[in-house]
Amino acid sequence: GAGVSQTPSNKVTEKGKYVELRCDPISGHTALYWYRQSLGQGPEFLIYFQGTGAADDSGLPNDRFFAVRPEGSVSTLKIQRTERGDSAVYLCASSLRGRGGRNNEQFFGPGTRLTVL
Amino acid sequence: AQTVTQSQPEMSVQEAETVTLSCTYDTSESNYYLFWYKQPPSRQMILVIRQEAYKQQNATENRFSVNFQKAAKSFSLKISDSQLGDTAMYFCAFMKHGGKSTFGDGTTLTVKP
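Chains as they are written, first to last, in this note's numbering: chain A, 5 to 121; chain B, 27 to 139.
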């Protein structure tokens, strides 16, 4: 696969449940980003990984949200005790390098639409 | 904290005409990057054009060009010879050197035949 992939494409869950959203970045990309996009708004930054470590997690809204990238490739965004306000499209992006320079162009996945009933 | 403002929620243009989308931002950073992304109804975000803040020359990519005014913190996108396939939502984004990005709320552009 040449692009960023995200699974599942759609997830419907009930309030209070736990969900995991997966992102497969482009092979060789060291930087990975998670965003949340609500209807009619721009993507909202959640967290940014450089390799295996979270370089900036200042966008995570609260401690119900957590993300991992244990081997520096695939990442999982985990949401505990989901609330209706968590309903949104969750976007993942990767870039060759996260910091400055020509290689910080972000390539986005198609997103996961999360609906919390 | 950085903010990005796109003051035009919706715009339309006739096919083959030129349209300019506005974006302003606020930051205290001196080293940063600016981007325009396109998001068609299929929702996959695609990079249109990028600008390094340290470069004075405005970036161009075929029919797309920017007017970057660093002092005014303005970064507008000009689309020349508009095509039906340009119909999409356009987002202006700011990336600071550390990698965190801030997006505007987008401008929905409709190209009319």
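Using N, Cα and C, we set each Cβ at its ideal position, and we do this for glycine too.
- Fewer than three pairs of CB atoms, one per stretch, sit closer than 8 angstroms, so the stretch 35 to 55 of chain A makes no contact with the stretch 37 to 50 of chain B.
- Judged by DSSP in its simplified three-state form, G57/A adopts strand.
- DSSP, reduced to helix, strand and coil, places N108/A within a helical segment of the structure shown.
- Ranking N14/A, E24/A, K15/A and A6/A by CA distance to the CA of R73/A puts E24/A first.
- Every unbroken stretch of the beta strand (DSSP E) spanning 3 or more residues and falling wholly within the stretch 26 to 92 of chain A is given here in chain order: 35 to 41, 48 to 54, 57 to 60, 69 to 72 and 79 to 83.
- Residues of the same chain with a CB within less than 6 angstroms of the CB of D107/B, apart from the 5 flanking positions on each side, are A42 and R89 in chain order.
- In the displayed model, L110/B falls within a helix according to three-state DSSP.
- The C-beta of F70/A comes no closer than 8 angstroms to any C-beta of chain B.
- Contact between the stretch 49 to 66 of chain A and the stretch 11 to 27 of chain A is absent: fewer than 3 CB-CB pairs across the two stretches fall below 8 angstroms.
- C-alpha of T86/B to C-alpha of K104/B: approximately 9 angstroms in a straight line.
- Q109/B and A119/B have their C-alpha atoms some 23 angstroms from each other.
- For M37/B, the enclosing beta strand (DSSP E) covers residues E36 to Q40.
- Boundaries of the beta strand (DSSP E) harbouring L103/B: S100 to I105, taken from the DSSP string.
- At a cut-off of 8 angstroms between C-beta atoms, R69/B counts as an interface residue with respect to chain A.
- T11/A has its alpha-carbon roughly 30 angstroms from the corresponding atom of T29/B.
- One finds Y59, M121 and G125 in chain B with Cβ atoms closer than 8 angstroms to the Cβ of N108/A, taken in chain order.
- By the beta-carbon neighbour count (other beta carbons within 10 angstroms, threshold 16), I51/A is buried.
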